[in-house]
Amino acid sequence: MARQLPPTAGPDDTSKGDPWHAFGYVVSGVAVYGLAGWALDRWLGTTFLVAIGILIGAGFGIYMTYARFNKASADDKPVGD
1 MARQLPPTAG
11 PDDTSKGDPW
21 HAFGYVVSGV
31 AVYGLAGWAL
41 DRWLGTTFLV
51 AIGILIGAGF
61 GIYMTYARFN
71 KASADDKPVG
81 D
């Protein structure tokens, strides 16, 4: 009997992006930069840097999500276009 090989991944089988990656980017950005803002608040004796850190982290997370999904959609375009 001939051995059957699994089908190769076609263009329709590739993933377009995992929504958990987007969630992870935003949450980790908020956590890392919020923690950095909190540490700077404690060190400098201020109270506003944690909020700035959270906003910057969310912005970086959204940017990383956009960059990842934009790259995936750019790779899907035909070569002639």
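Mapping to UniProt numbering: the sequence shown position 59 is 59, numbers consecutive. Note that beta-carbon positions come from the ideal geometry of N, C-alpha and C, so glycine has one too. Small disclaimer: the values here were computed from a predicted structure and weren't measured.
Quick one: measure Cβ to Cβ for V30 and I52, integer angstroms, because I've assumed they're closer than 8 Å.
In fact, because the Cβ distance is near 12 Å, the residues do not count as touching under 8 Å.
Once you ignore the five residues that flank T14 on each side, which residues in its own chain have a CB closer than 6 Å to its CB?
The pLDDT assigned to T14 is 48, lower than 50, so where the model puts this residue is not dependable; a value taken from the coordinates is nonetheless given after this. Apart from the 5 residues on each side of it in sequence, T14 has no Cβ closer than 6 Å to any other Cβ in its chain.
How is D13 classed by DSSP in three states: helix, strand or coil?
With a pLDDT of 46 at D13, under the threshold of 50, the predicted position of this residue should be treated as unreliable, and no value is reported.
Quick check on A2: does DSSP put it in helix, strand or coil?
It is coil, neither helix nor strand.
Distance between beta carbons of G17 and F69, contact taken as under 8 Å
Rounded, the Cβ-Cβ distance is 5 Å, consistent with contact.
Between G61 and Y25, which are expected to be in contact by the criterion C-beta below 8 Å, what is the C-beta distance as a whole number of angstroms?
So it is a contact: roughly 4 Å between Cβ atoms.
In angstroms, rounded to a whole number, what distance separates the CA positions of T65 and A2?
Rounded to whole angstroms, the gap between the alpha carbons of T65 and A2 is 45 Å.
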